[in-house]
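>
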Amino acid sequence: MGMSVTISVATEQDAEQIFRLQYLCFQSEAALYGNYRIDPLVQSLDSVRQEVAADCVYVARLGEEVVGSVRGSVTEDGSASIGKLCVHPRLQGHGIGARLLRAAESALAEERGAKRFRLHTGHRSENNLRLYRRVGYETVGTSQGSDGVPMIVLEKAAEAYVATA
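Sequential numbering from 46 applies to the sequence shown in my numbering.
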């Protein structure tokens with residue numbers, strides 16, 4: 046590859062690249078469910094900018110290009126919600142998603158006091174489920190996305206992020 050992928054906190058200037066990357070990456074999820082109205086595909090650029098400003102957002106960079114991202118926030122009960130993890134299709138399968146998850150988990154626990162991490166993915170998203178289980182997440186339930194897609198809810202204790210780092 047010639048250059049290594051670096052993980053860093055997203056800046057306001059990254060919002061547009063995150064927005065475009067998210068749209069590209071979630072096409073395969075939309076196709077899997079036959080639903081092109083899933084949240085990552087209908088989210089506005091302004092909404093992404095707001096998340097970058099307020100939430101815990103990390104990006105993976107290859108040079109100046111944003112090739113991956115993840116977002117997280119902590120609720121009053123100490124649960125960290127992690128979402129919209131995506132890695133450019135040409136770079137998937139190289140551990141970038143796991144590195145992004147670890148960075149978000151670390152910041153959410155150490156800087157924002159998260160006691161547990163929670164995420165969800167579509168019930169047919171086998172690659173996502175495999176990654177989440179490999180880094181210590183366990184299924185705790187199911188839900189239905191606002192877009193109608195059946196979701197699997199996964200969690201792990203915040204102390205567990207150290208064990209998977």
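Ideal Cβ placement from N, Cα and C applies to all residues, glycine included. All figures in this text were calculated on a predicted structure; none of them were measured in a lab.
In terms of alpha-carbon separation, which member of L164, V104, A105, R94 lies closest to G190?
If you number the sequence shown from 1, residue 190 lands on position 145. Out of L164, V104, A105, R94, L164 has the C-alpha closest to the C-alpha of G190.
> In chain order, what residues of the same chain lie with their CB nearer than 8 Å to the CB of T187, ignoring the 5 residues before and after it?
To locate residue 187, count along the sequence shown from 1; it is residue 142. Same-chain partners within the cutoff: H168, P195, M196, I197, V198.
> For G123 and V132, which I take to be in contact (beta-carbon distance under 8 Å), what is that distance rounded to the nearest angstrom?
In the sequence shown, counting from the first residue as 1, residue 123 sits at position 78. In the sequence shown, counting from the first residue as 1, residue 132 sits at position 87. Their Cβ separation, rounded to whole angstroms, is 28 Å, which puts G123 and V132 out of contact at 8 Å.
> Do Y103 and V180 have their C-beta atoms closer together than 8 Å?
On the sequence shown, position 58 is the one that residue 103 refers to. On the sequence shown, position 135 is the one that residue 180 refers to. No, Cβ-Cβ distance for Y103 and V180 is not below 8 Å.
> Can you grab the Cα-Cα spacing for the pair A98 / R116, in whole Å?
Start at 1 with the first residue of the sequence shown, and residue 98 comes out as number 53. Start at 1 with the first residue of the sequence shown, and residue 116 comes out as number 71. Taking the straight line from one Cα to the other gives about 11 Å.
> Given this structure, state the Cα-to-Cα distance separating A148 from I52, to the nearest angstrom.
The residue you call residue 148 lines up with position 103 of the sequence shown. The residue you call residue 52 lines up with position 7 of the sequence shown. Those two C-alpha atoms are separated by around 8 Å.
> Would a C-beta distance cut-off of 8 Å place T119 and L153 closer than the cut-off?
Translated into positions along the sequence shown, residue 119 becomes position 74. Translated into positions along the sequence shown, residue 153 becomes position 108. Checking the sequence shown, residue 119 turns out to be Val, not Thr. Yes. Within cutoff.
> Taking the straight line between their C-alpha atoms, what separation do you get for I63 and Y78?
Looking up residue 63 in the sequence shown gives position 18. Looking up residue 78 in the sequence shown gives position 33. Roughly 22 Å between the two C-alpha positions.
> Got a sec? Which residues, its chain only, sit under 6 Å from A60 by beta carbon, not counting five neighbours each side?
Along the sequence shown, one-based indexing puts residue 60 at 15. Around A60: V93, R94, V97.
> Is R169 helix, strand or coil when you go by DSSP?
To locate residue 169, count along the sequence shown from 1; it is residue 124. Note: R169 maps to coil in three-state DSSP.
> Could you check the C-alpha separation between G140 and G113 for me, to the nearest Å?
The residue you call residue 140 lines up with position 95 of the sequence shown. The residue you call residue 113 lines up with position 68 of the sequence shown. The alpha-carbon atoms of G140 and G113 are separated by roughly 11 Å.
> Quick check: A125 and A159, are their CB atoms within less than 8 Å of each other?
For the purposes of this step, residue 125 is identified with residue 80 of the sequence shown, where counting begins at 1. For the purposes of this step, residue 159 is identified with residue 114 of the sequence shown, where counting begins at 1. Contact flag set, yes.
> Would you grab the beta carbon distance between E183 and E200 for me? Rounded to a whole angstrom, and I think it's under 8 Å.
Against the sequence shown, residue 183 aligns to sequence position 138. Against the sequence shown, residue 200 aligns to sequence position 155. That pair is a contact at about 6 Å.
> Roughly how many whole angstroms lie between the Cα atoms of G211 and E171?
The requested residue 211 does not occur in the structure, where the chain is confined to residues 46 to 210.
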